[in-house]
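In the working numbering, the protein residues as written are 474 to 770.
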Ligand code: NDP
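Next up, the structure:
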């Protein structure tokens with residue numbers, strides 16, 4: 474068997490076109506231009522690239538982006554003050570704090586200071602709670618990208634065993650919360666999964682992953698998922714991004730696994746591009762919700 478390669482790049486490009494068209498219509502109706510404020514602290518090279526890509530994507534979709542750079546020695550209190558300003562600025566609809574923040578900063582306190590209405594990463598406790606209850610305000614970007622890709626290829630997962638390796642608040646946990654819902658707006662066939670969430674303390678990881686109809690790797694370890702851990706004919710989604718000898722690789726041992734799987738995502742060109750597209754979606758939604766006068770719960 475040779476797996477179908479799930480092309481995140483072209484899927485993201487289609488989604489971005491749709492979003493750009495919606496932004497255009499929104500502006501034609503006389504509304505404010507959706508604006509994303511990105512806060513970048515310090516000079517981590519990878520973070521600079523990520524933020525630049527997000528800015529470019531915003532501009533291409535017809536949205537504004539505002540980059541706020543702060544030096545590495547910025548204090549938590551200074552960041553809290555900045556976020557208060559951005560929260561109160563009606564011209565800013567979405568706020569993104571690029572992670573990781575320097576070790577001297579209290580990351581949780583900073584993230585908690587972003588208004589839930591402008592929390593386009595969907596990290597705020599209120600937004601996490603709404604998602605768990607099946608009535609999301611914003612869908613978290615990377616998990617949303619995973620689901621969009623499955624939808625695009627018609628890979629239904631209702632009733633299937635989805636095994637997610639990695640339980641971070643950014644990827645694994647919210648993806649589990651999404652896939653287990655009854656319907657998140659993609660139709661019940663793209664929900665209703667039986668989800669197993671694995672992590673570094675899970676015993677017999679390979680025995681669990683071998684039972685997966687859909688296996689998602691979101692760990693950050695090259696080649697963690699080897700062919701002996703994958704069921705024949707399964708769908709393998711590799712969220713991991715690792716730099717090895719100046720090349721980007723995922724968490725999945727791609728070539729042998731692609732000989733077993735029915736479908737697989739490449740790295741790069743898989744989930745990464747979708748994450749940015751979903752950030753654009755949330756920025757537009759944020760602008761629309763604020764225009765309707767939605768208040769925090
Ligand atoms: P975290 O480091 O926050 O989480 C990693 C998770 O993997 C943890 O739950 C950890 O378990 C688990 N883990 C670590 N080692 C093992 C192991 N040997 N077996 C099983 N589980 C293990 O990472 P993120 O979720 O932020 O990111 C994961 C990967 O996805 C990274 O490579 C990151 O670069 C990439 N990423 C890609 C994005 C994209 O757009 N494509 C977006 C975000 C992330 P424990 O909780 O027990 O420590």
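Built from N, CA and C at the ideal position, the CB exists for glycine as well.
How about residue i and residue j: are their beta carbons less than 9 Å apart?
i           : j           : result
residue 671 : residue 636 : yes
residue 762 : residue 610 : yes
residue 587 : residue 543 : no
residue 699 : residue 730 : yes
residue 481 : residue 742 : yes
residue 634 : residue 666 : yes
residue 691 : residue 645 : yes
residue 422 : residue 624 : Beyond the ends of the chain as shown, which are 474 and 770, falls residue 422; an answer cannot be given.
residue 744 : residue 628 : no
With burial defined as no fewer than 16 other Cβ atoms inside 10 Å of the residue's Cβ, what is the status of residue i: buried or exposed?
i           : result
residue 651 : buried
residue 684 : exposed
residue 594 : buried
residue 746 : buried
residue 507 : buried
residue 705 : exposed
residue 518 : exposed
residue 497 : exposed
residue 510 : buried
residue 474 : exposed
residue 703 : buried
residue 573 : exposed
residue 755 : buried
residue 726 : buried
residue 538 : buried
Could you round the C-beta distance between residue i and residue j to whole angstroms and report it? I think they count as a contact, below 8 Å.
i           : j           : result
residue 484 : residue 622 : 6 Å
residue 550 : residue 514 : The pair is not a contact, with the Cβ atoms about 13 Å apart (cut-off 8 Å).
residue 592 : residue 600 : 5 Å
residue 736 : residue 566 : Going by Cβ atoms, the distance from residue 736 to residue 566 rounds to 35 Å, so no, they are not a contact pair.
residue 710 : residue 738 : 5 Å
residue 527 : residue 749 : 6 Å
residue 647 : residue 655 : Incorrect: roughly 16 Å between the Cβ atoms, too far for contact.
When every heavy atom of the ligand NDP is checked, does at least one fall within less than 8 Å of the C-beta of residue i?
i           : result
residue 674 : yes
residue 715 : yes
residue 610 : no
residue 645 : yes
residue 684 : no
residue 724 : yes
residue 641 : yes
residue 679 : no
residue 574 : no
residue 569 : no
residue 692 : yes
residue 618 : yes
Regarding residue i and the ligand PLP, is the C-beta to nearest heavy atom distance less than 8 Å?
i           : result
residue 649 : Inclusion of the ligand PLP in the displayed structure is not the case, the ligand content consisting of the ligand NDP alone.
Across which residues does DSSP place residue i in a beta bridge pair?
i           : result
residue 509 : 538, 567
residue 530 : Note: residue 530 sits in no beta bridge, so no partner.
residue 592 : 568
residue 736 : 477, 708
residue 680 : BP columns for residue 680 are empty, so no partner.
residue 668 : 635
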